[in-house]
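This report concerns only the one structure given below.
Have a look at this one:
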């Protein structure tokens with residue numbers, strides 16, 4: 000899964016995948032996690048928004064991430080799977 004889980008940045012890189020919602024992306028990652036022993040996903044659009052000092056982009060990135068994580072957590076069986084969310088540093092404060 001691409002770090003831009005909505006696929007909106009891919010066309011600028013020469014790739015086209017239909018855009019999806021953060022909820023759809025969270026469901027997809029949950030399905031991947033349920034099918035494997037270990038799954039790691041890296042997301043850094045919030046970091047890029049912080050470095051750019053772009054508040055509108057930062058708010059959008061955080062709202063999308065919140066929706067994505069909510070969908071993921073609603074679908075992963077937390078009695079059999081451990082979800083760890085971590086950050087290397089803050090950058091949006």
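Numbering (my numbering), first residue to last: 0 to 92.
Even for Gly, the Cβ is constructed at its ideal location relative to N, Cα and C.
Can you tell me which of the options puts its alpha carbon nearest to the alpha carbon of residue i?
i          : options        : result
residue 58 : 68, 78, 76, 91 : 91
residue 41 : 50, 65, 4, 81  : 4
residue 30 : 78, 71, 86     : 71
residue 1  : 79, 85, 68, 43 : 43
residue 15 : 6, 33, 27      : 6
residue 67 : 23, 10, 9, 17  : 23
residue 48 : 60, 73, 37     : 60
residue 19 : 63, 78, 52     : 63
residue 83 : 12, 17, 8, 37  : 37
Please report the residue range of the alpha helix (DSSP H) in which residue i lies.
i          : result
residue 56 : 54 to 74
residue 22 : 21 to 33
residue 45 : 44 to 51
Evaluate residue i with the Cβ neighbour count: other Cβ atoms within 10 Å of its Cβ, from every protein chain shown; 16 or more gives buried, anything less gives exposed.
i          : result
residue 69 : exposed
residue 21 : buried
residue 28 : buried
residue 75 : buried
Less than 8 angstroms between the CB atoms is what I'm expecting for residue i and residue j, so what's the real figure, rounded?
i          : j          : result
residue 80 : residue 26 : Their Cβ separation, rounded to whole angstroms, is 14 angstroms, which puts residue 80 and residue 26 out of contact at 8 angstroms.
Using the three-state DSSP reduction, which class does residue i fall into: helix, strand or coil?
i          : result
residue 77 : coil
residue 17 : coil
residue 12 : helix
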